[in-house]
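**Q** Handing you this structure, nothing more for now.
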Amino acid sequence: MQTLTSENSGLNPGYSVTPIQNTRPVAPDDALPNVTATAAIVIEASTGHVLYERNPDQRMFPASTTKMMTLITALEHGGLDELVTVGAGAYNAEGSTLWLDVGEK
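FYI, in my numbering the residues of the sequence shown are 69 to 173.
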């Protein structure tokens, strides 16, 4: 490893810079997940950093994931005995089909 000094780095006299090795581990290509889906994305929740993506902008039908998230949200923010009225915003939401009309309970 070469040490950069004021003579060979163009820095002010008295400065010395020693390069360091990257200590962050890098996964080999064969360690990548075997994803067969047409599109996928994995995001670190605390930072928003994208960890993995394949066709991240391709519009897909969310299928059962949406049903599960709707159930979880309803259970966390409401009660099983609570009556809910369908609003215009929910009725007009793109990609949503619940077969209910505005004002229906």
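Even glycine gets a Cβ: it sits at the ideal position worked out from N, Cα and C.
In terms of alpha-carbon separation, which member of V103, N102, P124 and A99 lies closest to I111?
**A** The option with the nearest alpha carbon to I111 is P124.
**Q** Judging by CA-CA distance, which residue of T104, F129 and T106 is the nearest neighbour of E162?
**A** When only C-alpha atoms are compared, the closest one is F129.
**Q** Keeping to the same chain, check which residues put their C-beta closer than 8 Å to that of K135; ignore five residues upstream and five downstream.
**A** Around K135: no qualifying Cβ.
**Q** Taking the C-alpha atoms as reference points, what is the distance between G116 and S132?
**A** Approximately 23 Å, taken between the alpha carbons.
**Q** Alpha carbon to alpha carbon, how far is L143 from M137?
**A** Their backbone Cα atoms lie some 10 Å apart in a straight line.
**Q** On a Cα-Cα basis, can you pick out the residue from T165, L119 and R127 that is closest to A107?
**A** Nearest of T165, L119 and R127 to A107, Cα basis: R127.
**Q** How many Å lie between A99 and V154 at the Cα?
**A** Computed Cα separation, rounded: 47 Å.
**Q** Judging by CA-CA distance, which residue of S114, E121, A113 and P96 is the nearest neighbour of A105?
**A** The candidate whose alpha carbon is nearest that of A105 is E121.
**Q** Could you please give the first and the last residue of the uninterrupted alpha helix (DSSP H) stretch that includes E144?
**A** Taken as a continuous stretch (DSSP letters only), the alpha helix (DSSP H) holding E144 covers S132 to H145.
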